[in-house]
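**Q** Input: one structure, supplied below.
Residue numbers (the working numbering): 978 to 1149.
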């Protein structure tokens, strides 16, 4: 999607490009919602709260888990929000920067699937520690990236680590 948006901005004036993009998003979202959203879990033979009683977690663990997970979400958001100006400062075209945002998104999907599978098989704390470590590697590599290839690798690592945050948050 970021390369599509950048292409619209390159072809049209940015205000018109964003209006066109907003219209596309509205149409696509309306279609997706109309086909995928259900009114009640029972419509899909699901129980609203599941069959198992909720696990009681101490207040301190919830706060620590929220703070740790927030670091995964906030770093990804900060990088994605500032990636285009960052690559422009490195004399890289905005269209290539848009592709880097797509790399983060694609790797984020892979990170969600990876972490969701791992937390079912091993202790989620090890998975969480791995995602936080990957986040540190990604941030360090952004600081020292001198080429587009290194930025792409940094974006991939960032996407994997931040993508895994959502299933980890649920597990925590």
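Note that beta-carbon positions come from the ideal geometry of N, C-alpha and C, so glycine has one too.
No experiment lies behind these values; they were computed from the predicted model shown.
(1) Residues in its own chain within less than 6 Å of residue 1071 by CB, not counting five upstream and five downstream?
(2) Output the distance between the C-alpha atoms of residue 1132 and residue 1012, rounded to the nearest integer angstrom.
(3) My output table needs one value for residue 1000: the three-state DSSP class, helix, strand or coil.
(4) Taking just the CA atoms, how far does residue 1104 sit from residue 1096?
(5) Span of the alpha helix (DSSP H) holding residue 1097?
(6) Tell me which same chain residues have a C-beta within less than 6 Å of the C-beta of residue 994, skipping the five on either side of it?
(7) Could you check which residue in 978, 1128 and 1106 has the C-alpha nearest to that of residue 1046?
(8) Please name the residue in 1005, 1101 and 1085 whose C-alpha comes closest to that of residue 1050.
(9) When you compare each of 1127, 1120 and 1140 to residue 1083 by their alpha carbons, which one comes out closest?
(10) Using the Cα positions of residue 992 and residue 1130, report the straight-line distance between them to the nearest angstrom.
(11) Can you list, in chain order, the residues of its chain with a C-beta nearer than 8 Å to that of residue 1145? Leave out the 5 residues immediately preceding and following it.
(12) When the distance is taken between beta carbons, is residue 1057 closer than 7 Å to residue 1078?
(13) Since residue 989 contacts residue 978 with CB under 8 Å, what's their CB separation in whole angstroms?
(14) Looking at the unbroken alpha helix (DSSP H) that takes in residue 1114, where does it start and where does it end?
(15) Between which two residues does the alpha helix (DSSP H) carrying residue 988 extend?
(16) Please report the straight-line C-alpha distance between residue 1031 and residue 1147, rounded to a whole angstrom.
(17) Give every residue of the same chain whose Cβ lies closer than 7 Å to the Cβ of residue 1116, excluding the five residues on either side of it in the sequence, and list them in chain order.
**A** Walking through what the data contain:
(1) For the purposes of this step, residue 1071 is taken as residue 94 along the chain shown, with counting starting at 1. If we look at residue 1071 and ignore the five residues flanking it on each side, its Cβ neighbours are 983 and 1061.
(2) Taking the first residue of the chain shown as position 1, residue 1132 is located at position 155. Taking the first residue of the chain shown as position 1, residue 1012 is located at position 35. Going from the Cα of residue 1132 to the Cα of residue 1012 covers about 32 Å.
(3) Here residue 1000 refers to the residue found at position 23 of the chain shown. In this structure, residue 1000 counts as helix in the three-state DSSP scheme.
(4) In the chain shown, counting from the first residue as 1, residue 1096 sits at position 119. In the chain shown, counting from the first residue as 1, residue 1104 sits at position 127. If I take the Cα positions, the gap works out to 7 Å.
(5) By one-based count along the chain shown, residue 1097 stands at place 120. It is not in any alpha helix (DSSP H) - residue 1097 carries neither H nor E in the DSSP assignment.
(6) Stepping through the chain shown from its first residue, residue 994 is reached at position 17. Correct list, in chain order: 985 and 986.
(7) In the chain shown, residue 1046 corresponds to position 69, counting from 1. Comparing Cα-Cα distances from residue 1046 to each of 978, 1128 and 1106, the minimum goes to 1106.
(8) Locating residue 1050 in the chain shown gives position 73, where the first residue counts as 1. Of the candidates 1005, 1101 and 1085, the one whose C-alpha sits nearest the C-alpha of residue 1050 is 1085.
(9) To locate residue 1083, count along the chain shown from 1; it is residue 106. Considering only alpha carbons, the answer is 1140.
(10) For the purposes of this step, residue 992 is taken as the residue at position 15 of the chain shown. For the purposes of this step, residue 1130 is taken as the residue at position 153 of the chain shown. Their backbone Cα atoms lie some 32 Å apart in a straight line.
(11) Position 168 of the chain shown, counting from 1, holds the residue named residue 1145. The residues are 1046, 1049, 1092, 1096, 1101, 1104, 1105 and 1108.
(12) Indexing the chain shown from 1 puts residue 1078 at position 101. Indexing the chain shown from 1 puts residue 1057 at position 80. Against a cut-off of 7 Å, the Cβ pair of residue 1057 and residue 1078 comes out as a contact.
(13) Residue 989 sits at position 12 when you count from the first residue of the chain shown. Residue 978 sits at position 1 when you count from the first residue of the chain shown. Going by Cβ atoms, the distance from residue 989 to residue 978 rounds to 16 Å, so no, they are not a contact pair.
(14) Within the chain shown, numbered from 1, the residue matching residue 1114 stands at position 137. Element bounds for residue 1114: 1101-1121.
(15) The residue given as residue 988 occupies position 11 in the chain shown. Here the alpha helix (DSSP H) through residue 988 covers 979-988.
(16) The residue you call residue 1031 lines up with position 54 of the chain shown. The residue you call residue 1147 lines up with position 170 of the chain shown. Because the pLDDT of residue 1031 is 43, which lies under 50, any placement of that residue in the model is unreliable, and the question is left without a value.
(17) For the purposes of this step, residue 1116 is taken as the residue at position 139 of the chain shown. So the list reads 1052, once near-sequence residues are dropped.
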